[in-house]
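So the protein sequences, as listed, match chains A and B.
By my numbering, the letter at position 120 of the first sequence is numbered 124, and the numbering carries on one by one without gaps.
By my numbering, the letter at position 152 of the second sequence is numbered 156, and the numbering carries on one by one without gaps.
This report refers to the structure that appears directly beneath it.
2 protein chains.
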Amino acid sequence: MPRLVAERGDAVPVLGEIFRKYGYDGASIGLIVQETGLGRSSLYHFFPGGKEEMARAVLEHVDSWFEENIFTPLETGDPDTALAHMYSEVASYFRSGRRICIVGAFALDAVRHPFAREIEGYFTRWIAALERCLLRRGLTGRRAAAAAPQIVALIQGAIVLSRATADPGHFSAALDAAAELGKA
Amino acid sequence: MPRLVAERGDAVPVLGEIFRKYGYDGASIGLIVQETGLGRSSLYHFFPGGKEEMARAVLEHVDSWFEENIFTPLETGDPDTALAHMYSEVASYFRSGRRICIVGAFALDAVRHPFAREIEGYFTRWIAALERCLLRRGLTGRRAAAAAPQIVALIQGAIVLSRATADPGHFSAALDAAAELGKA
DNA sequence: GTCTATATGGAGATAGAC
DNA sequence: GTCTATCTCCATATAGAC
């Protein structure tokens with residue numbers, strides 16, 4: 005039976021879940037050792053830059069996933085299909101609000117990490133892709149530019165709310181409201 | 005000239021700003037000593053429960069502020085006036101998104117603190133007060149129940165977004181969109 | 001690559017004089 | 001109440017054998 009984590013690439017998604025669950029500071033190396041099953045030395049062998057490099061790898065992995073599964077489809081696919089696809093992918097990715105957005109969490113986390121650029125890139129990219137999709141869908145430039153950030157904000161806020169109240173119902177309701185915002 | 009922080013009550017708002025800026029883990033006691041100007045011993049004299057008690061005091065202070073300035077007016081004042089009041093108070097309280105919501109940040113922070121109950125209370129209280137206001141304003145029960153959490157989510161998400169992109173424009177735009185959600 | 005052992009720093013919290 | 005000094009623990013990270 006193969007090991008769960010046998011190389012650097014295998015570790016990244018596991019690291020992502022750990023950072024999501026415990027936060028950047030809360031994810032101590034000792035905890036990471038436990039949850040990944042990797043030894044301390046293997047961890048530093050794979051990530052010589054330590055915890056910062058681990059988090060950076062996670063952010064890159066998340067960014068790639070969104071680029072491939074959300075952003076690109078929004079810009080190249082049929083607009084209506086791509087939007088519906090976004091909502092369903094987002095719902096399952098964030099487990100209807102039970103799983104937080106690590107980028108959003110890092111954004112609120114302020115000063116403790118050097119990832120401001122990555123965080124900004126993720127959100128501006130998402131908004132830009134969404135805005136283009138709404139434009140291609142027939143919204144005016146004004147309305148598309150207004151709706152895109154509001155949809156992203158609604159999703160992020162719904163994660164906060166679902167987390168705070170332990171009620172995933174808020175999440176699906178917010179996605180429905182977001183879909184309304186994107187209509188002509 | 006009086007000291008900035010001379011008693012426990014004076015310390016709480018300062019502590020709030022520190023937790024907002026650095027997060028719960030990031031706000032080390034050493035940092036708190038520096039920023040408040042209080043000595044270690046005075047700090048522990050005022051807050052024998054240590055950092056946890058400091059954060060709890062901050063959350064209680066925030067909760068009282070919202071109760072008095074937002075929640076109660078929503079339930080007792082003229083609905084239209086109270087709503088407009090909420091948006092303007094929220095905008096200045098969160099400094100148009102440049103200041104984060106400490107309760108929202110703690111909600112995403114997951115496992116590192118024992119404040120889940122307080123966090124849930126804050127958001128459910130906000131949503132309940134808002135829902136009642138919308139009802140009194142003439143929305144159907146269905147629509148009020150749907151719009152209230154969406155408005156709160158939009159505000160929280162706008163804070164995330166403003167923080168991530170360093171663009172306060174997202175915040176005021178989100179407040180406008182939220183106001184639209186609360187119309188019949 | 002992975003192990004055990006450890007260096008080093010800073011965290012939260014406390015003691016006891018004043 | 002506030003001071004200085006200090007306790008203990010655990011954090012990240014590294015050394016060096018295998």
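Yeah, the Cβ is synthetic: ideal placement off N, Cα and C, and Gly gets one too.
As the structure is a computational prediction, the values presented were derived from the model and not from experiment.
Reference residue i; option with closest CA among the options
| i | options | result |
| --- | --- | --- |
| E11/A | A109/A, I106/A, D84/A, L47/A | L47/A |
| L42/A | H117/A, G13/A, L63/A | G13/A |
| W130/B | S68/B, F23/B, E184/B, A181/B | S68/B |
| I33/A | R121/A, A15/A, F50/A, G54/A | G54/A |
| A114/A | A177/B, V164/B, T76/B | V164/B |
| S100/B | Y28/B, L19/B, S166/B, K25/B | S166/B |
| V94/B | T80/B, V66/B, I123/B | V66/B |
| F70/A | G161/A, G142/A, G125/A, L179/A | G125/A |
| R141/A | E79/A, I123/A, L63/A | E79/A |
| I123/B | F175/B, R60/B, A151/B | R60/B |
| L158/B | G27/A, Y91/A, A177/A | A177/A |
| A188/A | N73/A, L143/A, A151/A, P118/A | L143/A |
| E21/A | Y97/A, Y91/A, H89/A | Y97/A |
| E57/B | H117/B, G27/B, Y91/B | H117/B |
| T40/B | D29/B, G27/B, V9/B | V9/B |
| L179/A | L179/B, D171/B, D180/B, A150/B | A150/B |
| K25/B | G81/B, E72/B, R103/B, S92/B | R103/B |
| E72/B | Y28/B, A120/B, A133/B | A133/B |
6 Å Cβ shell around residue i - same chain, five flanking residues per side excluded
| i | result |
| --- | --- |
| V275/A | This structure cannot settle anything about residue 275/A, because the visible part of chain A is limited to 5 through 188. |
| E184/B | none |
| F175/B | S100, G101, A162, S166 |
| P83/A | C137, R140, R141 |
| R44/B | V37 |
Close Cβ partners of residue i (< 7 Å) along its chain, the five nearest in sequence each way excluded
| i | result |
| --- | --- |
| L139/B | G145, A148 |
| L87/B | C137, G186 |
| M90/A | I74, L78 |
| A181/B | L158 |
| I171/A | Checking the sequence, you will find Asp at residue 171/A rather than Ile. Closer than 7 Å at Cβ, skipping near neighbours: no residue. |
Outcome for residue i when other beta-carbon atoms lying within 10 angstroms are tallied against a minimum of 16
| i | result |
| --- | --- |
| P52/B | exposed |
| G173/A | exposed |
| T169/A | buried |
| E135/B | buried |
| Q38/B | exposed |
| P153/A | buried |
| A111/A | buried |
| L19/B | buried |
| A31/A | buried |
| T76/B | exposed |
| L63/A | buried |
| L35/A | exposed |
| T85/A | exposed |
| F23/A | buried |
Residue i, DSSP secondary structure in three states
| i | result |
| --- | --- |
| F98/A | coil |
| D113/B | coil |
| L143/B | coil |
| C105/B | coil |
| S166/A | helix |
| G30/A | helix |
| D171/B | coil |
| A88/A | helix |
| A149/B | helix |
| E11/A | coil |
| P2/A | Within the shown structure, residues of chain A are numbered from 5 to 188, placing residue 2/A beyond reach of any answer. |
| F23/B | helix |
Neighbourhood of residue i by C-beta, 8 Å cutoff - its chain only, sequence neighbours within 5 removed
| i | result |
| --- | --- |
| Q160/B | C105, G108 |
| F50/A | E11, R12, A15, L42 |
| F127/B | V107, A111, V156 |
| G27/A | A109, D113 |
| F119/B | A59, R60, L63, F110 |
Heavy atom of the ligand ZN within 6 Å of residue i beta-carbon
| i | result |
| --- | --- |
| Q38/A | Summarising the ligand content, the structure contains no ligands, and the ligand ZN is consequently not present. |
Kindly provide the ranges of any beta strand (DSSP E) runs that are 3 or more residues long and lie completely inside the stretch 26 to 80 of chain A, ordered along the chain.
Here no run is fully enclosed.
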